[in-house]
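For reference, the structure discussed in these notes is given below.
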Amino acid sequence: MNDNSQQADTVRIIHSPNQNPQQFENQIITSHYKWWNFIPINLYEQFHRFANIFFLAVAILQSIPQISQLDPTTGYISLGFMLSITLMKNGYEDYRRHKVDHQINSQIAKTINRDGTISCKECQNLSVGDLVYIENDCTFPADLVMLYSHSKDGRSRIETAALDGETNLKFKTSVGKDLHKREFDIHASLPNPNLTDFRGKIVADKDVYSLDISNFVPRNCVLRKTEFAVGVIVYTGKETKTSLNAPKPHFKYSELDSFLDKMVIRISIVLIFLCVGMTIGNYFWTQNHLNAGYLQIEKMSNINYFFQVFSWVIVLSNVIPLSVFSSLDIVRFFLSQTINADKAMMDGTSSSQCRNSDLVATIGRVTHMFSDKTGTLTKNLMTFKSIAFHSALFGTERPKFKRTSTKNLGLYMKQPTHSERLVSASDECMRWMREHKDDKDVKDFLLTVVLCNSASTLSNTSFYNIQDIREEFPDFKFTLDIPPAEIVAKFPYLISYQSPSPDEIALLHFARECGYIYYNCTQKSVYVIIEGKLEKFKRPIVFDFNSKRKRMSVVYKDENENYIMLVKGADATVLPRSEIDADFEKSLDEITDAGLRTLVFARKILQEEDMEIFSKYNKAKESIDDRDRLMEELSDEVEIELEVFAFSGVDDELQDEVALTLQRLRQANIKVWMLTGDKLDTALSIAQTSGLAHKTHKIVPINKSDIDDDFKTIQILNPEKTLLAVEGTTLRYLLSAEHEKIKNFFELAEKCNSVVCARCEPSQKGDVVRNFMLINPTKCALAIGDGSNDVDMLRAANVGIGVEGKEGSEAVMSSDFSIPSFRHIARLLIVHGRWCVNRCSLLVLLTFYKNTMNALLQIYFGFFNGFSATSCLDGGFLSMFNTILTIPQLFFICIFEEDVAARYVLAVPQVYRDLQLDGGLSNGVVIMWYIFAFFHTVLIFFYSYFESNSVLLGNNSSTFDLTTFTQITGWTILFVFTFELLVRFKTITIVHIVLYTLCIIVYCLIEFIYSFIDPSLIGVLNVIFNIPRIWFSIPFVVGTIVIIDMIIIYLRPIFLPSISDSVAELQYASQMVS
């Protein structure tokens, strides 16, 4: 750390001011490499590919004279060229990460000196012990302990959305007003990833101040509604809570890379057996022809046969295409650019970005998606929409969206500079509320809203124009403290609300529109502005909301000196304790059917026999060990025989097209999990309103007893109509259980419709993804989120998607892909993902196909040359065949191939399933292409060979020599491969035809030039172009192969149809009609 920081077993002592600050101590790094380790680490990662090891071995063999007569440098040059392509691609992508890191690290932070002056530092150069000056709406650059807050109550308002997804503000207590002017030592607990764990003390001379989590603010939090604050840094850089919850980025290997590695290993084993077999054949052929004097064969030693094996390895090494990896890297890079350039995946100026092009094919094989909720699925913005009393019901219809009128109950409302009214109730509803403001049910509803809540009030400086307020109050100034009540009475939106429950905020906004302004609260009193007057309500009893009770209740004394209990909560917990008319209960069903989050409002007049509740309540509050249990028992005792008088409906605003996007993902056979730091009730409500789970599905909460019982009770349910719900404490217990129990949970989750995990810490999100991938290695996991609390799971998953949002940029920086909003995930996966996996699989198959044809021709030729490892293809042709003759056209067609257009893919997302499990590289498909290669080469070789021996050259009755034969064979392979591209790919344009023609013309020119340079090629072109029979042979072989393939292509959809075939036919028919 630094010289002033000492470590004990559990405590670190930090001196402030820091006498020995370290440069770059607070640096944030999301890049994979540094300039000095880039080449060695990248080469190390590349040599994880078995193919690169294989070709390194081939290059070494090629440099041994006893094995190969080829130039020993060519093997190293080829391997180095292919490695350098991947090196440059990875270097470019990491350079972009470095640029983003630099933007974050070079941001300026303000520090305070002991003399009160303010200095500026780059964030990366901040050190422990530094005093940081944080202004309103600024982000905390490191983990701090709050020393001073410029507010009336001395507390700072902190937004933690980037950590836990919650946008309600948290209050942090400052240690002391003058500490930032003194020298002191901080005794802090050692860095750990637990966001709720911090202990320590500050020692300043003889003064000692204890520290706990209420004084601690993690990095990436934002200061809100506080003019400024001063904090001392306790953890920096890698030791901050955020960094400890986000492990170091690691290199991700795609399924395609794993497939290629396995293919290379399998082919290598087959290759060794072939080479040994061909050498054995050479041994027996040599023994049988030793006495054939015209061959002049000498008996070879055993060591020569050993070398012969490796000679065959070099001849047949083309069966493993070295170019497939570099070709794949280049194609994937260009495919990533097509994603970046897709205008359909833009929101305004924000575009989608691919940050790891190695994974462009992986997004076409996703089977499971782990999604954050806040900021990803939802806007975390709820609006009040529906209300039901015995005599009226509003908001269950589905009209066009209408904002409530600003003409309220006599309130002076200026048109805001931007609207934050979270009310979408109709004008009819607002008019009815005004007309019935003296109705008992209406009054009790509004009182329940303002008295029965856990919200806090803050100053709102952005709603009104200050000149409008000064017309009424000339001396008014905007501050971050709550304005006086008489000003708020005239300008109600000068205060804003913060609450752990977005429902409460929407209800308070509705109450404000109806003339009940929740102004402030203390421990036992609530201040409400009603009809312009500030009134004080005492609430001696408060039973708080929790996820088990799912309700909140308060007791207050009305104007008739009666004690009234007001209750607000979920229908599942309030209705069983209430008396309700069956007809009225139907109103609740209507609100629910409208897709709204419902709350039930009830009341109870406390009778004389209920008065002992006050003494019991005080006794329970005084208890330390049994407080929770006593409070729960007391609330259960008194919250009975309630009278239900109202229902409300709140609309939780989802991100645009969330329901449609989730529907498309389901149709594409992608199962979605929700992992959120929010409370379980909110998460379940979003799951239903977003369409993640149907309302008829049974919600089954998992608890510790279910885990201990191996989920036997749950397994008897209908899993397909079940949503599993797990809270953070239960999830922690599950993930620490034995492997078999974790496996049972994921097997059960796989059968269920969806899973919701609530109250997840950042590390738990990552642990869920890691355990899922460990237990389901054949599945492809995608994680998507928008906050720094999602970084761990983004890095843990096969693919990490960052959503650009309001919770900082760390999720985007740590992701493999970034998108402007959640709705773009459907196009990214179903359109681009499917296109990319189809293009990459075709590239791999055709590359193996063309190289296998070369190797098979060598094997066939071995049977006619005594298995002597003599090549039947010209060396120059082999080098050009894998570069300028086939790679350009293969690149071009793979980058632009679209077997099904985007709008048809989105209309029928089921086409995604065709390539989802095997990526178009199933065993059957691979074997089929090897069969094609076998039959094509049989036709090419044997027709060319026997045709060559039947054609006489000149008057001396000689037939074609080896050089002529290699040229005929090479030309035939080139034409076969070119026409194979034409019939196999569906995107064929004039550009493709021109490119194919150019490749053949280039080969002709090169052959023409070589016919004057290479002695072995002199006169060959003259022979080839002057014998008509050759011009018949090549088209005959090529035509036969193409006709057979076209018949197979035509018959396959008939006997082995796929969804994409059907959609492609629909697209073709539509184009023909139009």
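The numbering of the sequence shown is the UniProt record's numbering, which starts it at 1 and goes up by one.
For every residue, glycine included, the Cβ atom is placed at its ideal position computed from N, Cα and C.
These numbers were taken from a predicted model, which means no experiment stands behind them.
Check                                                                                                                                                      : Outcome
With H, G and I counted as helix, E and B as strand and the rest as coil, what does DSSP make of G866?                                                     : coil
Inspect the beta-carbon positions of K901 and Q1067 and report whether they are closer than 8 Å.                                                           : Note that residue 901 corresponds to Ala in the displayed sequence, not to Lys. Against a cut-off of 8 Å, the Cβ pair of Q1067 and A901 comes out as a contact.
Nearest to S1062 by alpha carbon, out of F934, V905, T989 and C999?                                                                                        : V905
Ordered along the chain, which non-local residues of its own chain (more than five positions away) have a Cβ less than 6 Å from that of residue 1111?      : Examination of residue 1111 is not possible in this model, given that the chain is present from 1 through 1074 alone.
Could you tell me which residues DSSP puts in a beta bridge with M674?                                                                                     : S371 and V756
List, from N- to C-terminal side, the beta strand (DSSP E) runs of 3 residues or more that fit wholly inside the stretch 754 to 842.                       : 754 to 758, 781 to 785, 799 to 803 and 817 to 819
Taking the alpha carbon of K698 as the reference point, which residue from S690, L684, D710 and I707 has its own alpha carbon closest?                     : L684
Using the three-state DSSP reduction, which class does P416 fall into: helix, strand or coil?                                                              : For P416, the pLDDT reaches just 37, beneath the cut-off of 50, and the residue's location in the model is therefore unreliable, leaving the point undetermined.
For a quick check, are the C-beta atoms of Y518 and A602 less than 8 Å apart?                                                                              : no
Rounded to the nearest angstrom, what separates N718 and P701 at their Cα positions?                                                                       : 15 Å
Measure the alpha-carbon distance for F216 versus M565 and round it to whole angstroms.                                                                    : 37 Å
Could I get the ranges of all uninterrupted alpha helix (DSSP H) runs contained in the stretch 897 to 951, with 4 residues as the minimum, in chain order? : 902 to 907 and 923 to 950
Restricting to Cα atoms, I'd like to know which of G862, G787, Q27 and Y33 is closest to T374.                                                             : G787
Taking the beta carbon of H832 as the centre, do at least 16 other beta carbons fall within 10 Å, making it buried, or is it exposed?                      : buried
Cα-Cα, which of L606, Y76 and E612 is closest to E643?                                                                                                     : L606
Unbroken beta strand (DSSP E) runs of length 3 or more, entirely within the stretch 619 to 692: which are they?                                            : 642 to 654 and 671 to 675
With DSSP as the reference, label D336 as helix, strand or coil.                                                                                           : With the sequence shown as reference, residue 336 is identified as Ser, and Asp is not the correct amino acid for it. If DSSP states are grouped into helix, strand and coil, S336 belongs with the helices.
If you run the structure through DSSP and keep just helix, strand and coil, what is P719?                                                                  : helix
Let me check one thing: in DSSP terms, what residues is T457 bridge-paired to?                                                                             : Y497
Tell me the DSSP secondary structure of H150 in three-state form.                                                                                          : coil
Going straight from the alpha carbon of M413 to that of A511, what length do you get?                                                                      : Low confidence applies to M413: its pLDDT is 35, below 50, so where it sits in the model is not reliable enough to give any reading.
Exposed or buried, what is S141 when buried is set at 16 or more other beta-carbons lying within 10 Å of its beta-carbon?                                  : Per the sequence presented here, residue 141 reads as Pro, with Ser not at that position. With 16 or more other Cβ atoms within 10 Å, it is buried.
Taking only three categories from DSSP, how would you classify V309?                                                                                       : helix
Who are the near neighbours of V450 in its chain, counting only those whose CB is closer than 6 Å to its CB and skipping five residues on each side?       : A511, Y516, Y518 and V528
What number of angstroms, rounded off, separates the C-alpha of A57 from the C-alpha of F941?                                                              : 30 Å
Could you round the C-beta distance between N105 and I28 to whole angstroms and report it? I think they count as a contact, below 8 Å.                     : 6 Å
Could you check the C-alpha separation between D257 and L328 for me, to the nearest Å?                                                                     : 10 Å
In whole angstroms, what is the alpha-carbon distance linking S31 and M674?                                                                                : 28 Å
Per DSSP, what are the beta-bridge partners of M346 in this structure?                                                                                     : S351
To the nearest angstrom, how far is it from the Cα of L845 to the Cα of A59?                                                                               : 25 Å
In terms of alpha-carbon separation, which member of N453, K477, D475 and A388 lies closest to M433?                                                       : A388
What's the call for A1069, buried or exposed, on a 16-neighbour Cβ count within 10 Å?                                                                      : exposed
Counting only runs of 4+ residues fully inside the stretch 575 to 602, write out the alpha helix (DSSP H) ranges in chain order.                           : 582 to 593
Just reading off the beta strand (DSSP E) that N520 is part of, what are its end residues?                                                                 : Y516 to C521
Is it buried or exposed for F401, if we count other Cβ within 10 angstroms and need 16 for buried?                                                         : A caution first: F401 carries a pLDDT of 32, below 50, which makes its placement in the model unreliable, though a value can still be read off. Exposed.
Would a C-beta distance cut-off of 8 Å place K745 and N776 closer than the cut-off?                                                                        : Note on identity: in this sequence residue 745 is Phe, with Lys being the wrong assignment. Cβ distance not < 8 Å, so F745 and N776 don't count as in contact.
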